[in-house]
Amino acid sequence: MTTVQPAAESTTHIELHLWSDLVCPYSWVAKRRVEAAIAAFERPHDVMLRLRSFELDPDVPVGGAVPVREHLSMRYGGGDAGTGRLMNAKASEEAQADDLVFDWDRAVRANTFDAHRLCALAGEMGGPALRSAAVERFHWAHFGEGLAIDDHEVLQRLAAECGMDERRVAAVLASDDYSEQVRADEREAGSMGVTATPFLLANGYAALSGVRPVDDYLALLRGVATQSV
Numbered sequence: 001m002t003t004v005q006p007a008a009e010s011t012t013h014i015e016l017h018l019w020s021d022l023v024c025p026y027s028w029v030a031k032r033r034v035e036a037a038i039a040a041f042e043r044p045h046d047v048m049l050r051l052r053s054f055e056l057d058p059d060v061p062v063g064g065a066v067p068v069r070e071h072l073s074m075r076y077g078g079g080d081a082g083t084g085r086l087m088n089a090k091a092s093e094e095a096q097a098d099d100l101v102f103d104w105d106r107a108v109r110a111n112t113f114d115a116h117r118l119c120a121l122a123g124e125m126g127g128p129a130l131r132s133a134a135v136e137r138f139h140w141a142h143f144g145e146g147l148a149i150d151d152h153e154v155l156q157r158l159a160a161e162c163g164m165d166e167r168r169v170a171a172v173l174a175s176d177d178y179s180e181q182v183r184a185d186e187r188e189a190g191s192m193g194v195t196a197t198p199f200l201l202a203n204g205y206a207a208l209s210g211v212r213p214v215d216d217y218l219a220l221l222r223g224v225a226t227q228s229v
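In UniProt numbering, the protein residues as written are 1 to 229.
Have a look at this one:
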């Protein structure tokens, strides 16, 4: 009679921290690719992905409905309209393989601080899964629907769609709750010299900056797993 041995219990634990901004197209692409790498990893249940906050441009004024293309042209191209179009086209090309479509004709500039505060709230209310859902919803609202994700009415509705308690969301938006959590994320990133997103840190020592292919993230996971055995 053949005796079936129970599978060996894993001793490897990998904690990933992904810093991103909600109006950064490469951050959204990186999130999807990191998740794909985790799914392809031999022990996906040993991996914990924690999403962290980062503002690429914290001085962006709230409101104004300024098109992203115009904002990028002013910030990086001295007003040259071609700069914004080129940057948007590059991001769209990068995202094609990930089935992400950016509607640059509708996307508007937004200050992301309050949206990041709600992401921190989501993490407290429902853990990494709810935070991930909030990040996805805010990304899609910005890039796919042309919504101003610094408008409190918009944020209230989007958070409710994610399953977040509406009264708690309203209370947070009316206060400065979770501001320190966002600032702490940004301080930690700054202490490592991070100035742009996305930025991925594994187990506190292995890092990848910028958006990478899925295979690069998978290689990082396997390398860290080998070191952790």
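Positions of the beta carbon are idealized from the N, C-alpha and C atoms, including for glycine.
Inter-residue spacing [alpha-carbon to alpha-carbon] between residue i and residue j
i: LEU155; j: CYS162; result: 11 Å
i: ASP151; j: GLU70; result: 19 Å
i: GLY82; j: ARG137; result: 29 Å
i: SER53; j: VAL23; result: 12 Å
i: residue 230; j: HIS142; result: In this structure the chain extends from 1 to 229, so residue 230 is not present and cannot be described.
i: VAL60; j: THR226; result: 43 Å
i: ASP99; j: ARG33; result: 11 Å
i: residue 232; j: ALA122; result: Because residue 232 is not part of the residues shown, which for the chain are 1 to 229, the question remains open.
i: VAL68; j: ARG109; result: 5 Å
i: ALA223; j: ALA174; result: The residue asked about is misnamed: residue 223 is Gly in this sequence, not Ala. Answer to the nearest angstrom: the Cα atoms are 44 Å apart.
i: GLU124; j: LEU86; result: 38 Å
Exposure label - residue i; buried when at least 16 CB within 10 Å
i: TYR26; result: buried
i: ARG117; result: buried
i: THR195; result: exposed
i: GLU186; result: buried
i: PRO58; result: exposed
i: ARG167; result: exposed
i: PRO198; result: buried
i: MET192; result: exposed
In DSSP terms, what residue i is bridged to
i: ILE14; result: VAL47
i: PRO108; result: The amino acid occupying residue 108 in the given sequence is Val; Pro does not appear at that position. Answer is PRO67.
i: ALA202; result: LEU16, ALA206
i: SER53; result: SER20
Cut-off 6 Å between Cβ atoms - residues of its own chain near residue i, not counting five sequence neighbours on either side
i: ALA159; result: LEU118, VAL169
i: ALA133; result: CYS162
i: ASN111; result: VAL60, VAL62, ASP150
i: GLY190; result: none
Residues of its chain near residue i, where Cβ-Cβ distance is below 7 Å and the 5 sequence neighbours each way are ignored
i: PRO44; result: ILE38
i: SER10; result: Reliability of the predicted coordinates at SER10 is poor, the pLDDT of 46 falling under 50, and the value obtained from them is presented with this limitation in mind. Correct list, in chain order: ARG43, ASP46.
i: GLN181; result: ALA120
i: SER73; result: GLY79, ASP80, ALA81, THR83, GLY84
i: TYR178; result: ARG117, ALA120, LEU121, VAL172
8 Å CB neighbourhood of residue i in its chain, flanking five on each side removed
i: ALA7; result: Because ALA7 sits at a pLDDT of 36, beneath the cut-off of 50, its placement in the model cannot be relied upon, and the following sentence gives the value as read from the coordinates. For ALA7, where only same-chain residues beyond five positions count, there are no Cβ hits under 8 Å.
i: GLU94; result: PRO25, TYR26, VAL29, VAL211
Integer Cβ distance of residue i from residue j, believed to fall under 8 Å
i: residue 253; j: LEU18; result: With the chain represented from 1 up to 229, any question about residue 253 goes unanswered, as that position is not in the structure.
i: ASP103; j: GLY146; result: 6 Å
is_contact[residue i, chain B] using C-beta, thresh 8 Å
i: ASP57; result: You won't find chain B in this structure, because it holds only one protein chain.
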